[in-house]
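The next block holds one structure in the form of structure tokens; read it before the comments.
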């Protein structure tokens, strides 16, 4: 049986995932980045995470060639930020408060969490790359906010469910 790309996209799009923005500095000093739900922890020793940028993304080369990159976990109220970094051919940093992490990667203020990663490896993943980073710095604000989730082409906060 042959599985169509549309059926595959519909199926995997039915699996709720967290939403991140990955950023780096391009060779010309500009901040580049993209919204991604393809993010996962990989290892505790060493501390590794992965994200999967599309090879045709305008920021692919800059993200995969940077010595350091940042992964921002988005909070439930940051849907507009996710959509801002999902667009092409725009200044994705317009209106944002940006700093630099301890190793010099871009840091967007106000996110649920910030991970600064050193490039560890890049693997082929078909039409995507599998970018593995060694986590060198983490910031987890003390505020208790719900994460942003993506499912069936919709972004929204994860509803709080009280344990019984």
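Numbering (our numbering), first residue to last: 4 to 167.
All C-beta atoms, glycine included, are put in the ideal place defined by N, C-alpha and C.
Per DSSP, the bridge partner or partners of residue i
i: residue 103; result: 109
i: residue 127; result: 132
i: residue 57; result: 131
i: residue 114; result: For residue 114, which the question treats as bridged, DSSP gives no partner whatsoever.
i: residue 96; result: Bridge partners of residue 96: none, in fact.
Residue environment, residue i, which counts as buried when at least 16 other CB atoms sit within 10 Å
i: residue 56; result: buried
i: residue 98; result: exposed
i: residue 110; result: buried
i: residue 81; result: buried
i: residue 153; result: buried
i: residue 132; result: buried
First and last residue of the uninterrupted beta strand (DSSP E) at residue i
i: residue 78; result: Premise fails: residue 78 is in no beta strand (DSSP E) and is neither H nor E.
i: residue 89; result: Residue 89 -> not in any beta strand (DSSP E); alpha helix (DSSP H) instead, spanning 82-89.
i: residue 24; result: 23-28
i: residue 157; result: 157-160
i: residue 15; result: Premise fails: residue 15 lies in the alpha helix (DSSP H), 8-15, not in any beta strand (DSSP E).
i: residue 151; result: 151-154
Contact under 7 angstroms by Cβ, residue i with residue j
i: residue 37; j: residue 60; result: yes
i: residue 151; j: residue 22; result: yes
i: residue 66; j: residue 41; result: no
i: residue 35; j: residue 44; result: no
i: residue 118; j: residue 148; result: no
i: residue 121; j: residue 142; result: no
i: residue 58; j: residue 130; result: yes
i: residue 104; j: residue 140; result: yes
i: residue 78; j: residue 54; result: no
Distance, residue j Cα to residue i Cα
i: residue 145; j: residue 112; result: 14 angstroms
i: residue 88; j: residue 48; result: 31 angstroms
i: residue 72; j: residue 155; result: 28 angstroms
i: residue 163; j: residue 16; result: 22 angstroms
i: residue 10; j: residue 18; result: 13 angstroms
i: residue 124; j: residue 46; result: 13 angstroms
i: residue 14; j: residue 86; result: 22 angstroms
i: residue 30; j: residue 158; result: 32 angstroms
i: residue 135; j: residue 24; result: 15 angstroms
Extent of the continuous alpha helix (DSSP H) run through residue i
i: residue 42; result: Careful: residue 42 lies outside any alpha helix (DSSP H), inside the beta strand (DSSP E) at 42-47.
i: residue 66; result: 63-68
7 angstroms Cβ cutoff, residue i in contact with chain D
i: residue 9; result: The chain inventory of the structure shown lacks chain D, comprising one protein chain alone.
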